[in-house]
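Notes follow the structure.
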Amino acid sequence: MLRRSLWLLGLCVAAQAFAAAPPQKPPRDLYLGEAFYYAQQGEYFDAISRLDTELGQFYRLDERQLDPFHLQSNFAEFSVGDFELSYRMHQRAGRAIKAVLEGNVSQDIKNEAAFRLARIYYQKSDPINALHAIERITGKIPESIRDDEQFLRAQISMVNGRFPEAITILQGMKDSKAYEGFAGYNLGIALIQNGQEKEGLAQLDKTGQISSENEGTLSIKDKANLVLGYRLLESNQPGEASQYLDRVRLVSPFSEKALLGSGWSSVSAGRFDRALVPWTLLVKRNPTGKAVQESMLGVPYSYAQLNLHGKAALLYGSALESFGQELTKLDASIDTIHKGNFLKALVREELKQDPNWVIRLRELPETPETFYLKDLMASNDFQSSLQNYFDLEDLRKRLNAWDEYLDSWEEIIDLRRRYYEPLLPDIDKKFRTLDSQLRLRMEQRQRLDDRLQHMLIAPRPDFLKTADERILQNQFARLEAQYKDDTGEGAEDARRRIKRLQGLVQFDIHTTYDQRLTDAFTHLRELDADVARLKKIYASFVRTRQAATQSYQGYDDQIRQARNRSRDAKEQVAMLMARQGHMLELMAVNELDLRRRRLEEYQIQARFAMAESYDRAVKAQQQAVGEKAQ
0 MLRRSLWLLG LCVAAQAFAA APPQKPPRDL YLGEAFYYAQ QGEYFDAISR LDTELGQFYR
60 LDERQLDPFH LQSNFAEFSV GDFELSYRMH QRAGRAIKAV LEGNVSQDIK NEAAFRLARI
120 YYQKSDPINA LHAIERITGK IPESIRDDEQ FLRAQISMVN GRFPEAITIL QGMKDSKAYE
180 GFAGYNLGIA LIQNGQEKEG LAQLDKTGQI SSENEGTLSI KDKANLVLGY RLLESNQPGE
240 ASQYLDRVRL VSPFSEKALL GSGWSSVSAG RFDRALVPWT LLVKRNPTGK AVQESMLGVP
300 YSYAQLNLHG KAALLYGSAL ESFGQELTKL DASIDTIHKG NFLKALVREE LKQDPNWVIR
360 LRELPETPET FYLKDLMASN DFQSSLQNYF DLEDLRKRLN AWDEYLDSWE EIIDLRRRYY
420 EPLLPDIDKK FRTLDSQLRL RMEQRQRLDD RLQHMLIAPR PDFLKTADER ILQNQFARLE
480 AQYKDDTGEG AEDARRRIKR LQGLVQFDIH TTYDQRLTDA FTHLRELDAD VARLKKIYAS
540 FVRTRQAATQ SYQGYDDQIR QARNRSRDAK EQVAMLMARQ GHMLELMAVN ELDLRRRRLE
600 EYQIQARFAM AESYDRAVKA QQQAVGEKAQ
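Spelled out as C-alpha cells, the structure:
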C-alpha cells in the first residue's frame, strides 16, 4: 500500500510542482515573444506551431547570422521542446531537449534541459534514464528550478530504490515553502522503505500535524495521517491508529476512507459502540462512495455485535435496498455511456472553464454515470486520456476553421491570377517542363530506393549482377545449349567446364552480395547529390517564377493538397476521437463493472447477515418471552 501511495503521490506532485518554469530572460525576438504569450495562456498548440514556423524559416535562410533571431535560436529550440513537453508530446520534446543538451549552450540552459529531460523520463515511468538525465546536472542550478530539481531528484532516487540518497535530499527540503508537507510526507515514505520504520512513522506523524492554509498542504497532511493510520492498522495497533485517522478533516478528499478506517480500528479493539460514531457519519454521505457502501454493512455489524439484532436486521435491509438502487443506477450509467452521453458531458465548454469540473459534472442530472467515476476521473491515466480527447476536439475545430481560411485564400489568388496569367505563358511552359523532369527523376530515384530497401529483407543477388557478369552468363547459356545434345569427344568435359564456370560466376555474385548492396546504397547516396542539385535549380526557378508572377501561381495544388490533408486529417481525427472516446468509455464501464460486482458481493453478505440477525432477534425474543412466562 505504501509503495502505491508513493507512486500516486509522485504523479500528483509532478502535475502540481513540475509546471514549466518561466524563461530566465525575456525573449527579445517578436515571434519568440508571441510564442511565449500563447504558452503562458496555456495555448501550447499555437505556441508550438508559431515557434516551429519561425525556426523553419530561420533554418532556410542562406545567411542566418544576419537575422537577429540567430542570437536566440538555441533558446528557441529549448523552448519549443518545453512547449511540446507541456503539450504532452514527450517523444518530440525529448529529442529537442537532447539536442539542446548536447549543443553549444551555457551550462545553466544545459542544467535546465537535463532537468526537463529527467522529468520526461520520470513521467514516462522510465526511472533508469531519468536517473541518468538528472545526474547530468552540474554546477549552479537555476534559481527558478532549484526546489523542483531537488524534489525530482529525490523522487527519481526513490523509484530507483536509492532511499538513502532520497532521505538526504528530502531532509534538506523540510523547510521548503514550495514543498511544505510534500517533502515531509515523501521523507516518511522513504524512511519506511529504507527499513527505518520508527523514524518513518515519526516523520509522517510530524507531517500530519503541520499548520497551513494551503489546500494542497492540508491534503498531503491528511494523506500522511491516513497512511500512518492504516499502517498501524495493518500492524495490529488499532488503538494508536484511531488517533491519526481522527486527525483527517471531515471535508478532506481522504475523509471517507479515514472514517471507515477509524471505525475498523474501534472494531479491532472490540469497541463496537465507538465504531458506530464514524460509521454513522459516513453512512449519511453520498451512497456512491466505496467507503460509504462498506460502512452500510459495518453499522449493522456493530449493532449485531452489541446484541441489538433487531436493529441490525433492519439496517441490513436498508443496506440491501440501497445496494439495489445503486445497482439500478449502475446499469443506467453503463447504458448512458454506451449511448455516448458520457463523452458529450465531458466536452462541455462551461465545465472546462471550472477547475472543479469533475465535482460539477456529478451534479448534472443527465449524467448519472459520473456518480461513480469521481476517483476514476481524478486519476492520472484517465486525465491523460481525457486531455488527449480534448486536444482532438480542439484539432477538429481548428480543421473546420482552416477550411474557411482556405476559401479566403482561393478568392485572393483567383484575383491575382485573372490579372497576371495572360502576361506570362512562356514562364509557365518552362515551369511545367522543369516540374515534370523533377518529378520523373524523383520517381526514378524512389523506385531504386524502394527496390534496394526491399532487398534488405528479401535478398536478390541476381539484381546486382554487373554487365560483364550478365554477358558471361548469356555466353555460358549459349554454350550450354550448344553442347547440350553433343555426344562427341570432349563434349562431356566442355559441359562440366561450362557448369563450373557458371557456378564460379554465381558463387561470386552470391558471396559478394553484401558488398554489392552496400555499394548500391553508396551510389544511391551519390545520386542524392545530383538530386539535391536538381532541387536547388528547381527551388531557384520557383523563386524567380514567384517573383515574376507576384506569388499568384502554384497555390492551386498547394491549396488542393491542403484541403486533401485537411480532409484526411479530419477523418483521422474523427477516427482517433472515436478510439479515444471508446477508451474513455471502456475505462468508465470497467470501473462501473467493478463497482457493480462489489455491490453484488455486498448484497450477498447483507442477505446472509440479515437472515442471521432476524434469526437471532427471534430467538432472543422467544427467550425473553419464555423467561417472562417462568
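Anchor point for the sequence shown: position 415 equals 414 in numbering that gives the first Met the number 0, and the numbering is continuous, going up by one each time.
Glycine included, every Cβ here is placed at the ideal spot set by N, Cα and C.
Exercise. Would you mind sorting Phe506 into buried or exposed? The rule is 16 or more other CB atoms within 10 Å of its CB.
Key: exposed
Self-check item: Local Cβ density within 10 Å of Ala189, reported as buried at 16 or more and exposed below that
Solution: buried
Practice problem: Identify which residue in Glu33, Leu29, Gln90 has its Cα closest to the Cα of Asp66. | Solution: Leu29
Quiz item: Where in the segment 188 to 243 do unbroken runs of the alpha helix (DSSP H), each at least 4 residues long, occur, reported from the N-terminal end onward?
Solution: Taking only runs of at least 4 residues, the alpha helix (DSSP H) segments lying wholly in the segment 188 to 243 are 196 to 206, 214 to 233.
Quiz item: I think Lys220 touches Thr206, with their Cβ atoms under 8 Å apart; what is that distance to the nearest whole Å?
Solution: 6 Å
Exercise. Below 6 Å CB to CB, which residues in the same chain sit around Glu53 once its five sequence neighbours on both sides are set aside?
Key: Tyr30
Quiz item: Glu179 by DSSP, collapsed to three states: which one?
Solution: Secondary structure of Glu179 (DSSP, three-state): coil.
Exercise. State the DSSP-derived secondary structure class of Leu455, mapped to helix, strand or coil.
Key: In the three-state DSSP reduction, Leu455 falls in the helix class (H, G or I).
Exercise. Just confirm the distance between the C-beta atoms of Gly262 and Ser294, as a whole number of angstroms; I'd bet it's less than 8 Å.
Key: Going by Cβ atoms, the distance from Gly262 to Ser294 rounds to 7 Å, so yes, they are a contact pair.
Self-check item: Nonlocal neighbours in the same chain, by C-beta distance under 6 Å from Asn224, ignoring five residues either side
Solution: Gly207, Tyr243, Arg246, Val247
Self-check item: Local conformation of Leu423 per DSSP, three classes
Solution: In this structure, Leu423 counts as coil in the three-state DSSP scheme.
Quiz item: Excluding sequence positions up to five away, which residues of its chain have a Cβ less than 7 Å from the Cβ of Gln202?
Solution: Within the same chain, Cβ atoms closer than 7 Å to the Cβ of Gln202 are found at Gly183, Leu186, Gly187, Leu190, the five residues on either side in sequence being excluded.
Quiz item: Using the C-alpha atoms, what's the distance from Phe389 back to Asp45?
Solution: 15 Å
Quiz item: Should Trp278 go down as buried or exposed, given a rule of 16 or more other Cβ atoms within 10 Å for buried?
Solution: buried
Practice problem: Tell me whether Leu307 sits in a helix, a strand or coil according to DSSP, three-state version. | Solution: coil
Exercise. Identify which residue in Ser85, Tyr121, Lys139, Pro141 has its Cα closest to the Cα of Ala132.
Key: Tyr121
Quiz item: Taking Cβ positions, are Leu151 and Phe114 nearer each other than 8 Å?
Solution: It is a contact, given that the beta carbons lie within the stated cut-off.
Quiz item: If you draw a straight line from the C-alpha of Ser218 to the C-alpha of Ala38, how long is it?
Solution: Separation of Ser218 and Ala38 (C-alpha to C-alpha, rounded to the nearest whole angstrom) is 29 Å.
Quiz item: Which first and last residues belong to the alpha helix (DSSP H) in which Ile47 is found?
Solution: 43 to 58
Quiz item: Exposed or buried, Ile411, counting other C-beta atoms within 10 Å across all chains shown (16 or more means buried)?
Solution: exposed
Quiz item: Which class does Ile136 belong to by DSSP, given the choice of helix, strand or coil?
Solution: coil
Quiz item: Would you call the CB atoms of Leu643 and Ala528 closer than 8 Å?
Solution: Limits of the chain in this structure are 0 at one end and 629 at the other, which puts residue 643 out of reach.
Self-check item: Contact under 8 Å by Cβ, Ala274 with Ser265
Solution: yes
Exercise. Within the same chain, show all residues whose beta-carbon is closer than 8 Å to that of Phe475, passing over the 5 residues directly before and after it, in chain order.
Key: Ile497, Leu500, Gln501, Val504
Quiz prompt | Backbone secondary structure at Gly323 - three-state DSSP | solution = helix
Practice problem: Enumerate in chain order the residues of its own chain whose CB-to-CB distance from Glu33 is below 8 Å, with the five nearest sequence positions on each side excluded. | Solution: Arg49
Self-check item: Beta-carbon contacts of Phe311 that lie in its chain and below 6 Å, excluding the five residues immediately before and after
Solution: The displayed chain sequence assigns Ala, not Phe, to residue 311. These residues qualify, in order along the chain: Pro299, Tyr302, Ala303, Ser612.
Exercise. Let me know the secondary structure DSSP gives Ala268 once reduced to three states.
Key: coil
Practice problem: Please state whether DSSP places Tyr30 in a helix, a strand or coil. | Solution: helix
Quiz item: Just curious, the alpha helix (DSSP H) that Gln474 is in, first and last residue?
Solution: 466 to 481
Quiz item: Below 8 Å between beta carbons: does that hold for Arg161 and Leu200?
Solution: no
Practice problem: Tell me where the alpha helix (DSSP H) around Arg284 begins and ends. | Solution: No alpha helix (DSSP H) holds Arg284; DSSP gives it neither H nor E.
Quiz prompt | Given 8 Å, three or more beta-carbon pairs between the segment 324 to 334 and the segment 587 to 604 | solution = yes
Practice problem: Please check the pair Leu296 and Ala318, which I expect to be a contact at CB under 8 Å, by giving their CB distance rounded to whole angstroms. | Solution: 6 Å
Quiz item: Taking just the CA atoms, how far does His581 sit from Gly339?
Solution: 9 Å
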